[in-house]
Amino acid sequence: MYDIAVVGAGASGIVAAITAKRAYSKLSVLLIDALPKIGKKILATGNGRCNITNLKADGKSYNTKAVSSVIQTVSPEKVIEFFSSIGLECIADNESRIYPMSNTAASVLDCLRFEIERLGIEVLNDTKVTSVNKRNDCFVINDNIECRKVIVTTGGKAAPSQGSDGSGYALLKAFGHSVTHLYPGLVQLTVKENLKFLKGVKVKASVCLKSTSGKVLDKSVGEVLFADYGLSGIAVMDISRSVKDKNCICVLDILPDLSKESVIDFILKAKERNPSLLFEDALCGILPRKVGYLIIKNSGFNQDIRMNALKHNDIVRFVENMKNCSFTVKGTKGFENAQITIGGVDFSEFNQKTLESNKVNGLYCAGEILDVDAVCGGFNLQWAWSSGIVAGTYSALELIR
Ligand SMILES: Cc1cc2nc3c(=O)[nH]c(=O)nc-3n(C[C@H](O)[C@H](O)[C@H](O)COP(=O)(O)OP(=O)(O)OC[C@H]3O[C@@H](n4cnc5c(N)ncnc54)[C@H](O)[C@@H]3O)c2cc1C
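According to our numbering, the sequence shown is numbered sequentially starting from 813.
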């Protein structure tokens, strides 16, 4: 009989186990994962650098304000302190994103593993949990592991190759919890237009997702990366949560830092300076060549049009197209390529302070399995660490009070 079993050894589960054991060293804590090693996804985060948290994360950073208590209890500063306490120092970039000082995600996982070993937390790998039942006052996992408290931290459905295959939802449904509709989030968009020639080109753009009737569904500003299948980059990933099953249009302002008038002025000056220059060549001063070509094409010009052939109306039409460069969204690259899950176990069915289930005493939840999500930038891991620490703390406190 274990005091606490944590099901799922990702970001939230690992810190839940560490916090519970630190609360009282005599508690027996078991950490279970389906994969041969713990924390696989952590290694892939932040392009291998692990964007641990964001100093700007607060209750308003998420899809629901219900997270406020948990984020206030374990703020980004507390997360940084936690990592310092296990021997990992962090550093902020100029957008308040926090990374390990070593600049590598492997260090984050290493320090967590060393702490698990130091504390004597038992780890059970290669064990997929398919059932959790409550018998009298204890839980029985897979019909053979008994524990007094259980924390379910199995993640969502995003990136299933890293263990999060969505199997955790059934464990909570079996206790009467509800799961909202699930969509891939922070994911690339596939579009109808052929963008193969633009593959690999990056721009800073403002991105607006609209319904086919023109209603604005979501907005962001930042990097857009063109791919052979469609659009990627942080700004696109950030609005992908609003695609869901809808038909929509992704509209880019390719030069968000320049007003229409400034672009017109730039083109007029270029025309005056060198009237025989190809329009495409003149645009190299403000745009990647291939993007300039795309907008020349979208505006209905021949690729070899020269500056002296441009009339004022043509220039205005070009600038309109550049500021409203539209792509028809077919869908997303799916859960396989998504960083997070939109939707999850209904958060209102859990105590917002302790993360204990309102339906079943002794059952706790943390991390992405809950219906909590945010944009790129360290906010999702912040939720995983905060909620893991809260669930670990309160499950232990219940046992030692
Ligand atoms: C490529 C990528 C990059 C990312 N980069 C960042 C970033 O830089 N910053 C950021 O804030 N967020 C980032 N995220 C999102 C962030 O990684 C997740 O939100 C976070 O890891 C969720 O933590 P979790 O503990 O809830 O779930 P997970 O990390 O998904 O862990 C769940 C664990 O449970 C195990 N498991 C699942 N089902 C079972 C079962 N039935 N039985 C036993 N074990 C099970 C899995 O094997 C897994 O180890 C990224 C995500 C991806 C995919």
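C-beta atoms are modelled at their ideal positions from N, C-alpha and C, and glycine is treated no differently.
Everything numeric in this text was worked out from a predicted model, so none of it was measured.
So which of the options has the shortest CA-CA distance to residue i?
i, options, result
"LEU936", "LYS853, SER1054, ASN1006, ASN956", "ASN956"
"SER908", "LYS1081, CYS1188, VAL1202", "CYS1188"
"VAL1172", "HIS993, VAL964, PHE1147, VAL879", "VAL964"
"LEU921", "LYS872, ASN948, GLY860, VAL886", "GLY860"
"GLY1200", "LYS1145, GLY1155, VAL962, SER1160", "VAL962"
"TYR995", "ILE854, VAL1055, VAL1063, ILE816", "VAL1055"
"SER1198", "ILE864, PHE1113, TYR814", "ILE864"
"ALA832", "ILE844, ASP815, GLY822", "ASP815"
"CYS1096", "ILE1079, TRP1195, ASN1110, GLU1035", "ILE1079"
"VAL882", "ASP905, GLN1164, PHE1191", "GLN1164"
"LEU1067", "PHE1091, ILE1046, ASP1057, ILE1107", "ILE1107"
"ILE1061", "GLY1042, CYS902, ILE953", "GLY1042"
"GLU929", "SER873, ILE826, ALA817, ASN1136", "ILE826"
"ALA904", "ILE898, ILE892, SER897", "ILE892"
"ALA1094", "LEU1122, SER837, SER873, PHE1139", "LEU1122"
Exposed or buried, what is residue i when buried is set at 16 or more other beta-carbons lying within 10 Å of its beta-carbon?
i, result
"SER976", "buried"
"ILE1212", "exposed"
"PHE895", "buried"
"THR857", "buried"
"ASP1069", "exposed"
"ALA986", "exposed"
"VAL1028", "exposed"
"ASN866", "buried"
"PRO848", "exposed"
"LEU1209", "exposed"
"PRO888", "buried"
"GLU927", "buried"
"GLY1190", "buried"
"LYS1022", "buried"
"HIS989", "buried"
Where do the N-terminal and C-terminal ends of the beta strand (DSSP E) with residue i fall, by residue?
i, result
"ASP1030", "1028-1038"
"LEU1010", "First-last for LEU1010: undefined, no H or E at that position."
"TYR995", "995-997"
"SER837", "Element bounds for SER837: n/a, residue is neither H nor E."
"LYS1014", "1014-1023"
"ILE864", "Segment: none, ILE864 is in no beta strand (DSSP E) and carries neither H nor E."
"ALA1047", "No beta strand (DSSP E) contains ALA1047, which is instead part of the alpha helix (DSSP H) from 1046-1051."
"ASP870", "Note, ASP870: premise wrong, no beta strand (DSSP E); not H, not E."
"THR1002", "1001-1003"
"ILE1154", "1152-1154"
"CYS1062", "1060-1065"
"CYS1177", "1175-1177"
Hey, quick one: how far does the alpha helix (DSSP H) through residue i stretch, first residue to last?
i, result
"ALA1208", "1191-1212"
"GLY1146", "1146-1149"
"ASP815", "Run containing ASP815: none in the alpha helix (DSSP H); it sits in the beta strand (DSSP E), 814-819."
"ALA878", "Run containing ALA878: none; DSSP gives neither H nor E here."
"ALA856", "852-856"
*Secondary structure, beta strand (DSSP E): runs of 3+ residues fully inside the region 923-992*: 934-936, 944-947, 950-953, 957-964
*If you scan the region 1068-1128 from start to end, which runs of the alpha helix (DSSP H) of 4 or more residues do you find wholly inside it?*
1072-1085, 1091-1094, 1101-1110
*With a floor of 4 residues, list each alpha helix (DSSP H) that falls wholly inside the region 892-918, ordered by position along the chain.*
none
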